[in-house]
Structure formats: C-alpha cells, structure tokens
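Chemist: All residue numbers in the sequence shown are consecutive under the numbering used here, ending with 647. Note that CB positions come from ideal geometry on N, CA and C, so glycine has one too. Everything numeric in this text was worked out from a predicted model, so none of it was measured. Please read through the structure below; I'll follow up with questions.
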Amino acid sequence: MDVARNMFKKGAANNPLYQPLDTSRSEIRLLEISPSLVRSSTIRCRLKSVSLTDAQEFIALSYVWGDASQTKNISVNGIPFAATENLVAALTHIRSAALPGRKLKGLGRLPCFFWIDAICIDQGNIAERNSQVKMMDSIYQGAYIVLSWLGPTTKVLHLAIKVISQISGEFTSRGEHHEDIEWLQKYPHLLNTDSTEGLGNSAWNAVLEFCEIEYWRRVWVIQEIVLAKRLWMMVGGDLVDFRLLDSFLAFFTRLQFGGYSKPHFLDVSLWNTFSMPANICNAGVTTHNFFRRNPESSQRNDCLFEALDWTSDHRATDPRDKLFSLISISNSPLVPDYASPVEAVYTNFGIEYIKSRGNLNILGRGGLGNGITRRYDRPSWVHDWEGMSTYGKNRLFPLGPFNADLAMESFTRDQPVVGPANDLHAYGIACDSISEVEPRMTSFGDIFRFCCNYAPPGAKGLYRTSIPRLKAIFETILMELNPREAVGSKCDSNWRESRSREAHAQTMTMLRLLLAGDDMNDAAVKLLGLPLDEFLSSYAKIFQRELPQQWTTFDDTYQVPFHSGAMVKIGTATFDYRFFHTAGGYLGLGPVEPVPGDLLCVLNKCPFPVILRKVNSHYVLVGPCFVLGLMDGEAVGLIKNGEAQIQEFEIH
C-alpha cells in the first residue's frame, strides 16, 4: 500500500491538480460544476475526494472523448485543464440545463456531483489509472444515474428520438400482444418513401443515423451502460429515459425475427429494407442492448473472449482498452496494467485463454493472412484486437459448430502449450497443401463465373466428398448450412424449424444473387443446366413441407426472411475470405493472403482447420479456414489410413 501511495504522490507532484487517493478507502474524485448564467463563459468546477463507501451521490457521465488534439480550456480548482471539445460541449449543456440538484420526474432530485473519467482520474499517473480502472464496476454501479451524452441537438437526432419514443410507446402499451402492427398506419411519416438516400425514408434514416453515432462504437460505453442501475440519454439539453430505446429495439427484433408478413399498407422496398437485420438491428447500438438484456453473460466463467467478439468493431483511444474496458462485464481475471506494452497485453491474454480453456479457438482470430496491417511485435497466433475494429463483426471467422479435431485425442495426449518465448506448441496433422489460390472476388458476377468454371453443368467429376461440385461451393460459402440436414437434425423442433428456414433463405438468396441480371433464365442454364422455373419447381417439390411457396418466386415481391443477413454472410464469405484449392482436391475458404505451399492442418483442441506456413524450423499461423470434408472429424481417417501422422507444430 505504501508503494502505491508513493507512486500516486509522484504523479501528483507532476500535476498540481491532483492529490493522492487513498486506495485503502477506495477513494475517487468527484466534480462539482459551478453555475453560470452566461452560456459562453468558461466552465469552472472543483474536485473533491470521497470514498466509494460514503453515501455521497453522484452522476457518472458516459461519453466519447473525441479527438484528443481538439481541446478547450476549462478551469478545475482554479487550474486550466485541456478538455476535449465533446466533453466541453457536454459540460456546457449540463450547466445550461441546470442539471446539478435539479428535480426531475421519475428521477427525483439529481446529485450535484459528477464522476467524469478524463478529469477525475489523473490520466498521467499509470498506477492511479490501473487502480481506478479496477474500480470501474463499483463506480458505475454506485452512481445515482449514468448519463449518456450523445451530443448537441440536431434535426436528425430530434427526429430519431421522436420516432423511437412513438414506436416504444406503441410497443409497450400492447404488452404481450405484438402480433398486430396495424398501428403503424397512425404514423404516415414512417411509411412513406420520401427519400432517395439510405433506407428510403427520412424518419428511418434518422433512426439509423442515431444508432450509428460514434458513441455506440466506443468500447468503454458498453460497461458503463451495462452496469448502470439508472440510465438516461442526454441530447443537447434534453434527457431521455434509456428504457425507450430498449423497447424500440425489442420491437425491431420482434419485427425482424417474429415471422411477420408485409402489411398491405407498406411499400415493398421499405418493408424489405427496415425489416432486415443488416440495418437497424445490426447497428452499433444493439451491442449494448445485447449485454443489457443478457446479464448472465457477465456472471458466467470468464467470457472476455466472447465479449471481444461482440465488440470487435468498437474502438478505444488506448489499444489496451479493447480488453481492459470489458473486464468488469466478463468476469475476467485479467488485471489492467497500463505499464505493459500493447503486444504484451494481447499476448498474455492469449496465453491465459489457452491455459484456462484448454482449447485453441483463439486461433480463429489470429494469423498473418487476415488483411490487418501488422502492428506490434506479437506472435502470429496472437490477434491484434485493435486492428479488428477496422473491419467489424461480419468478417469474424465462425468458430462453430465445427468438430475438425473430433477423436484426435485418441492419437495424441499432448495438449497445446505456450513456451517461455511465447511460441505455441500444438499437435495435429498436415492434411494437405495449398496448390492454388483464387483471385479475390469483388462482385457476385465473379462468384458466378467461378461457379461456372469449377462446376460446369454436365461435368462428371464430383467433389472429394462425392457430392456435386456446385453443391460443394454452396455448402462452402454457407459454411455447411444445408436445408436437408437442418430438416433432419435431431434437435428441438423450434430450433430445427428456424434452422431449416435459415438454410432455405440463404440458399435461395445466394441463388438469386448469382443469377441477378437481365436474363436470369440464361444465367440459370449456364449455372444449373436447366431453366430457372424448372429448377425452382423441382426445389419446391423436394422441400414442399417446410418451404413457403413465395420463397421460390423470384420477382419484386421477394420476401424471404433472413435474406439480408444471408447477403451479409455470402458477401463476407466470398469478398472478405478467399477460395483456395489443395493438391488433394479440397476446396476451402480462408484468409485473404494464403500462398501455394502453405499447409492445411487440423490441430488437437482446435475445432476448425488452420493454414500454417513453414518458416525455417518453425511455423507461422496464416489463419483459420473452412474446408468441406475436414470439418467433422474426417482428419482422423487420414491417420487411420496412414496418409498422415501426428506431429508437433511450433508456431511463432
């Protein structure tokens, strides 16, 4: 404790604004904003230290720091303090709205004190930052309210809040009776196609813009929202109960996944647009909604890896905060340490993951071939979590449900382990080597041509697993989501029905995308070997019990549920991954930068194949991949047949 206090004193000596905090009392600093009748006057405030165990009530501000190079001076304890412009805007509106001590309906009298991280923590004192970050859960849980600052009022934000309030009120008032959405007719501004931009409707465009503001993409915001016992949004000088947004998102989730048909009063294009998961419900705001509606996600054993996936497209000013910001809501034993370099933080997390989980799922996020600019001196199997922010969740390789290593433990008892030089020692087999890598595809036309070349109609050759080659392409792109297998799955009937619908939707969507053009019948003959109507009739006859008739009607009223999500999945698989062929006849989808000669491997404790590249006496990870015929324990057959043997891979 004395060592910590001495470190704090050293930080305080460098910055006269801060006095040491007593860690034995769990001290924090609170900010009091001085009132002013002049809006443009300098923000003046004072700091005081309190113990979290005291009964002092305070408001915790949740906000985006903004550009650190764009600052304005405020006065804290009479000392100039350079605050970011967004923070100054928040303080200005808080002061103008006279929030400190103000009595509000539903909230009572607000506290006069605020906790604001940029001011209340000495950011130049590493020891204090480490200590205060460990207390974040107690701070946000202990706040009287958490106030989410979304920015000054604009016409767009004002319209978005209006729509959210209207939808929320209607949805909430109906209780469990949500099947009727005729009430939408009461709001003609939500039904018109009055814009040529975005979603085709100015009101929904405003909502989408609201859901995509920078605030929702800041990774720290997640725990600040999740931990709050009371949560309100502030737009300009107006306060909005966060529960309105919760209800609105619940409506949208129900709308998209509840099996609704297009209402007679709604334009087809607008219905297809805002009733699909790639729009509102795939926006940044929904990440926070997921964590708030699933509090068990923070109560199970360490789930930091899953939280990192959910927040992959969120950003942090400090790259280490991609991990540190999620500790409080993931039950992670990770300890914040701002003295450690970024590469050490990321590597140590990977090591601890392998030790605690005993599997290599984390390889699904690593590799040199994922297209992320290489930064930091880290092993190839360690992922750049900050770099992932540039491409988001849609490009994440799906980690399951695959069983590539099934029964491999029968042939090796060696477990993966990380050596003292951070080299990963894994055990498994080299199944094949890459012989050819397809050019990166940039359009569905590219995919169509690839399909026609790889699987021309009438060709006699089958894929390695004895299925038609075109079927192999479809199953590879859809990651083995097969309509027939989904129907026959021995699972809960509701899950099976949902899985079947999803499989059909993705299959039909992929076919529709590939055949898009002036003459779909001509394209169908080139791809399928028969006219489109004949194929669709045959398909519908095979799956007549579970396939709605309108799903095989390729016209302007195409209303397949999930089809927007299918478009995202298909586009990701083909544009963000890359097809490759192996010497043994496998077709795979993998990272964007494999090269001929790379090895296709299945490792014990890793549910998906990986591509490794030999460099001198060791290997580097290129990335995870999907290879039809190696996803469900087939690799063990290669061992039994003497085609491969267990070996150790030292991965640097």
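By Cβ distance, which residues of its chain are closer than 7 Å to Q65, with the 5 residues on each side in sequence left out?
Modeler: Excluding residues within five positions, the ones whose Cβ falls inside 7 Å are T79, E80.
Chemist: Quick check for students: name the residue ranges of the beta strand (DSSP E) that lie wholly in the segment 185 to 256, counting only runs of 3 or more.
Modeler: Whole beta strand (DSSP E) segments, 3+ residues: 226 to 230, 233 to 236.
Chemist: May I have a chain-ordered list of the alpha helix (DSSP H) segments no shorter than 4 residues that lie completely inside the segment 27 to 95?
Modeler: You should have 80 to 91.
Chemist: Check Y422 in the structure and name its three-state DSSP category.
Modeler: Y422: strand per DSSP, three-state reduction.
Chemist: With distances taken between CB atoms, is the gap from I429 to L595 smaller than 8 Å?
Modeler: Yes, the Cβ-Cβ distance between I429 and L595 is below 8 Å.
Chemist: Only counting runs of 4 or more residues, tell me where the alpha helix (DSSP H) segments fall wholly within the segment 140 to 174, in order along the chain.
Modeler: The qualifying runs are 150 to 168.
Chemist: For H576 versus E381, is the C-beta distance shorter than 8 Å?
Modeler: Going by C-beta atoms, H576 is not nearer than 8 Å to E381.
Chemist: Could you give the residue range of the alpha helix (DSSP H) that holds F443?
Modeler: 439 to 449 is the span of the alpha helix (DSSP H), which, as asked, contains F443.
Chemist: Would you decide whether V622 is buried or exposed? Buried here means 16 or more other CB atoms lie within 10 Å of its CB.
Modeler: Buried, since its Cβ has 16 or more Cβ neighbours within 10 Å.
Chemist: Could you tell me the boundaries of the alpha helix (DSSP H) in which E381 lies?
Modeler: No alpha helix (DSSP H) contains E381, which DSSP labels as neither H nor E.
Chemist: Across which residues does DSSP place R104 in a beta bridge pair?
Modeler: Paired residues: K98.
Chemist: Suppose the cutoff is 8 Å on Cβ atoms and the five residues either side in sequence are ignored; what does the same chain contact list for I349 look like?
Modeler: So the list reads L355, I357, P411, V412, V413, L419, once near-sequence residues are dropped.
Chemist: Where do the N-terminal and C-terminal ends of the alpha helix (DSSP H) with L355 fall, by residue?
Modeler: Run containing L355: none; DSSP gives neither H nor E here.
Chemist: State the CB to CB distance for the pair S325 and A302, rounded to an integer number of angstroms; the pair is presumed to be in contact (CB under 8 Å).
Modeler: About 4 Å separates the two Cβ atoms, so the contact holds.
Chemist: Which residues bound the beta strand (DSSP E) around R573?
Modeler: From DSSP, the beta strand (DSSP E) with R573 extends over 573 to 577.
Chemist: Out of N68, I38, F108, I424, point me to the one whose CA is closest to P95's CA.
Modeler: Ranking the options by Cα distance to P95, first place goes to F108.
Chemist: Look at the alpha carbon of S375 and the alpha carbon of G359, and state the distance between them as a whole number of angstroms.
Modeler: Computed Cα separation, rounded: 12 Å.
Chemist: Check each candidate in V617, T188, H613, G624 and name the one with the smallest Cα separation from I646.
Modeler: Selected option, being the one with the closest Cα: H613.
Chemist: Could you check the C-alpha separation between S488 and F243 for me, to the nearest Å?
Modeler: Note that S488 has pLDDT 46, beneath the 50 cutoff, so the model's placement of it is unreliable and the number below is only indicative. S488 and F243: Cα-Cα distance of roughly 29 Å.
Chemist: What is the C-beta distance between A55 and A113, in whole angstroms, given that I count them as a contact (C-beta under 8 Å)?
Modeler: Not really, about 13 Å apart at Cβ, beyond 8 Å.
Chemist: Per the DSSP calculation, R24 is bridged to which residue(s)?
Modeler: Bridge partners of R24: S44.
Chemist: From the DSSP output, which residues share a beta bridge with E643?
Modeler: DSSP lists Y422 as partners of E643.
Chemist: May I ask which residues mark the beginning and end of the alpha helix (DSSP H) holding R656?
Modeler: Given that the chain is displayed from residue -4 to residue 647, the structure contains no residue 656 and the question cannot be resolved.
Chemist: Secondary structure at S405, three-state DSSP: helix, strand or coil?
Modeler: Note: S405 maps to helix in three-state DSSP.
Chemist: Here's a check: name, in chain order, each residue in its chain whose Cβ is nearer than 6 Å to the Cβ of I38, leaving out the five neighbours to either side.
Modeler: Within the same chain, I38 has close Cβ partners I69, L86.
Chemist: Hey, is the segment 623 to 634 in contact with the segment 591 to 609, meaning 3+ C-beta pairs nearer than 8 Å?
Modeler: In short, these stretches touch, since the Cβ pair count reaches three.
Chemist: Between which two residues does the alpha helix (DSSP H) containing V520 stretch?
Modeler: Here the alpha helix (DSSP H) through V520 covers 515 to 523.
Chemist: Considering only the beta carbon of each residue, do I111 and L26 sit closer than 8 Å?
Modeler: Yes, these two residues count as a Cβ contact at 8 Å.
Chemist: Return the Cβ separation of A639 and C426 in integer angstroms, given the expectation that the two are a contact with Cβ distance under 8 Å.
Modeler: Indeed, because the Cβ distance is near 6 Å, the residues count as touching under 8 Å.
Chemist: In the structure shown, what three-state DSSP assignment does I176 receive?
Modeler: I176: coil per DSSP, three-state reduction.
Chemist: P314 and K129 - do their beta-carbons sit closer together than 8 Å?
Modeler: The answer is no: Cβ separation not under 8 Å.
Chemist: Taking the straight line between their C-alpha atoms, what separation do you get for L525 and N516?
Modeler: Each residue's Cα considered, the two are about 8 Å apart.
Chemist: Relative to the alpha-carbon of P183, which residue among I28, L265, A334 has its alpha-carbon at the smallest distance?
Modeler: The shortest Cα separation from P183 among I28, L265, A334 belongs to L265.
Chemist: Checking 8 Å against the spacing of the C-beta atoms, do S143 and L226 come in under that value?
Modeler: Contact: yes.
Chemist: Bridge partners for P619 per DSSP, in chain order?
Modeler: BP columns for P619 point to V605.
Chemist: Quick test of the definition: if touching needs 3 or more C-beta pairs under 8 Å, does the segment 336 to 353 touch the segment 387 to 404?
Modeler: The segment 336 to 353, when compared against the segment 387 to 404, does not touch it at the 8 Å Cβ threshold.
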